[in-house]
Each structure stands twice: as structure tokens, then as C-alpha cells.
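Have a look at the structure below, then the notes.
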Amino acid sequence: MEKAGMNVFQANICLLCVTFCWSTEVILFACIPDTVSSFATTCITSLVGGLLLFLCFARRIIETCRKHGRKLFKYVLALAIMNTVYNLLNISGLRYFDVSTGAFTLSMTVVILPVILLTLRQKTGVRTWLSAGLVFAGIIIVVIRNVSIGQGWGIVFMVIGCIVRAFYIVLLNKAASLFDSLALSSMISLSVGAIAFVPWIITQPALFAAIPWNKEIIASIAIYSYFIVALAQTLNIVAQKKSTPANATIIYSMEIVFSVIWGIILPASIITPVTLTWYILLGTALVVAGNIIEIVPVGRSDET
């Protein structure tokens, strides 16, 4: 896949597929009781996803580790720490919101990342700023109308998580151009699982025995491990080779649209239904508009 290469438009389509997989994250978390530790969820899904990749591509991953050695491990450690932190913050924050509001707050990285790139003195195209502005406007419209004072801590968790995620995307974009995608994805996942295990065993010594296992929890963890950790993360790294951090983040915001659709079509027994209101429709429309500007190939834009 990597040797054949892809153009920017194809990379954008891959990122859109990644976002579709990620949109199920809010749904899967809704199927896991709040009594299940965030550390447990992160640890188990990351280890299972990482092991799946390693078992299927062990030879390729081992060869990559031998080739790049310490340099690869430094990137993996930094990415794993940031991945763990923002995942835990997002899991904690999402518990304060319904599906649509959770998806909108989860996408606040779209405006944080261009600002970070500006402070790092990396150029960002005018189209990207315009796209980010439209997406951010859509987020603000929904969040202001839908969030109460009691959900303040949820906003705090999500904002901090989005800031960490922004730095993660910048570093991941750089690592994607240096290392094999499968090796990078597998090692990040396994490292995230190992890191999350430490606070899990400290806060919940009973570990697996403390989880109220049932069919819903097992299915949610299995789906999350494969589609979000193993598949989506690997495809994301492949696409990052032809994308930019700001471009990728804007496309990630389409998670909002997919999540709203899930909330409309899925039964209440699975997830809290989403009631379509004018502000959700307007917010979603602005997100789609921002993505069309960024995804559809046109002539080269000016840079600022």
C-alpha cells in the first residue's frame, strides 16, 4: 500500500474512512457502563488491537524495529504517552454528554491545531483556516445550545484532551513519513496498553474481575479493538504520509456528521437518540461545508 503511493485526494478519502470508524467511538463508550474504569478500557482495547497487528505482521514489524532501533522507540514512547492521555481525557469527558454534543466537543482539535502550528511557525493554507473557521463555528453553535453548567468538567476534560491530541497529530504526521505504518501502529497500541495498565492496577487491583462482563461489554471492546485501534489507526498513519496535520484534523471533524447520523438511526436501546434541532442541523452543515472546502481538490492555495 505504501510503496504504490497515493495522491492527496486519495489520502483525504482514507482519512474520511478513518473518521467513519472513529465515529462509532461515542456509541461504543455508551454501551460500556461508567463503572468500568477508563484505564481498563484503554488498556484492554489497545493491547488487543496491537496484538492483532503484531500477530499478522510480526516479521515486518520486527524488521522495522531492527532497522530504526532507538529512534523508532523514542517516537513510539512519546506518541503512546500522548495517545494514552488524550484517550483517557476523552473517555472521561464523553461521559458528560449525549452522542451529538460529545461528537461536537471531541472535534474542538480542529481549531486548536492550526493555532499550535502557527506557534510552531509551520505554514497553514488560507483554505485550511477557512475550513477550520467553518467547522469551529458549527461546534460552537451546538455546544453553546446544548451544554449546561453541570457539564463544565466534561468540557474541561475535552478541551485538554483536544490540546494533547493536536500535539499528537503533529508528531504522528512526522513519524508517519519516517517509519512503516503497520509497525508504528502496532507499537503505539501496545505501548498505550502497557502505560494504561499501570494506573489501572493501582486504582483497581482486581483488574479483569472488577469488570461486570456481559455480551455488550465484550462486543464493544472487540469492535473498538479491531475497527478503531487496529484498522483505523493504521489507515490513519498510511494517509498521514500524504496529508498535513491541519488537513487531517479538519477531515476528522466529519466524525460529528457520522455520530449524529448514528444517533438518529440507531434504537434507544443501544444509544441515547439524537433529536434533530435547527442548531444541530446548522452546526452539521457548517462542518460539511468546511470539509468540502478542504477535501475537494482545487488549484494551489496561498499560504499564510
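According to the working numbering, the stretch in the sequence shown is residues 27 to 330, in order. All C-beta atoms in this analysis are idealised placements derived from N, C-alpha and C, irrespective of residue type, glycine included. Note that this is a predicted model, so its numbers are computed, not measured.
Same chain, Cβ closer than 7 Å to residue i, five either side skipped, listed in chain order
i, result
"residue 283", "310, 313 and 314"
"residue 322", "none"
"residue 42", "277 and 280"
"residue 29", "Because residue 29 sits at a pLDDT of 48, beneath the cut-off of 50, its placement in the model cannot be relied upon, and the following sentence gives the value as read from the coordinates. None."
"residue 27", "Because residue 27 carries a pLDDT of 43, less than 50, the predicted location of this residue cannot be relied on, and the following value inherits that uncertainty. 264."
"residue 58", "67, 243 and 246"
"residue 46", "284"
"residue 106", "214, 217, 218 and 221"
Same chain, Cβ closer than 6 Å to residue i, five either side skipped, listed in chain order
i, result
"residue 163", "312"
"residue 142", "192"
"residue 202", "263, 266 and 267"
"residue 26", "The structure shown has nothing for residue 26, since the chain only spans 27 to 330."
"residue 328", "Bear in mind that a pLDDT of 42 at residue 328, under 50, signals an unreliable position, so the model cannot answer this."
"residue 33", "none"
"residue 40", "261 and 265"
Residues near residue i by beta carbon distance below 8 Å, same chain, minus five either side
i, result
"residue 61", "238"
"residue 195", "135, 139, 271, 274 and 275"
"residue 233", "66, 226 and 227"
"residue 79", "87, 208, 211, 212, 215, 256 and 260"
Residue i versus the options, residue with shortest Cα-Cα distance
i, options, result
"residue 134", "149, 185, 96 and 70", "185"
"residue 69", "222, 171 and 48", "222"
"residue 118", "50, 321, 67 and 274", "67"
"residue 252", "38, 50, 109 and 39", "50"
"residue 204", "90, 114 and 295", "90"
"residue 181", "160, 220, 229 and 123", "123"
"residue 130", "168, 247, 230 and 116", "168"
"residue 294", "44, 48, 33 and 56", "56"
"residue 220", "74, 40 and 160", "74"
"residue 48", "249, 183 and 320", "249"
"residue 317", "241, 106, 166 and 160", "160"
"residue 373", "229, 199 and 121", "The structure shown does not extend to residue 373, since the chain is modelled only from 27 through 330, so no value can be given for it."
"residue 200", "171, 113, 217 and 104", "104"
"residue 218", "230, 76, 53 and 38", "76"
"residue 94", "206, 297 and 183", "206"
"residue 298", "54, 38 and 235", "54"
"residue 352", "116, 44 and 85", "Examination of residue 352 is not possible in this model, given that the chain is present from 27 through 330 alone."
Check whether the stretch 150 to 161 touches the stretch 90 to 107, taking contact to mean three or more Cβ pairs, one atom from each stretch, closer than 8 Å.
-> no
Should the stretch 294 to 306 be called in touch with the stretch 257 to 266, which here means at least 3 C-beta pairs below 8 Å?
-> no
At which residue ranges does the stretch 261 to 288 contain complete alpha helix (DSSP H) runs of 4 or more residues, listed in the order of the chain?
-> 271 to 278
Would you list, in sequence order, the uninterrupted beta strand (DSSP E) runs of no fewer than 3 residues that lie entirely inside the stretch 64 to 109?
-> none
Which runs of the alpha helix (DSSP H) spanning at least 4 residues fall entirely within the stretch 168 to 247, listed in chain order?
-> 178 to 202 and 207 to 229
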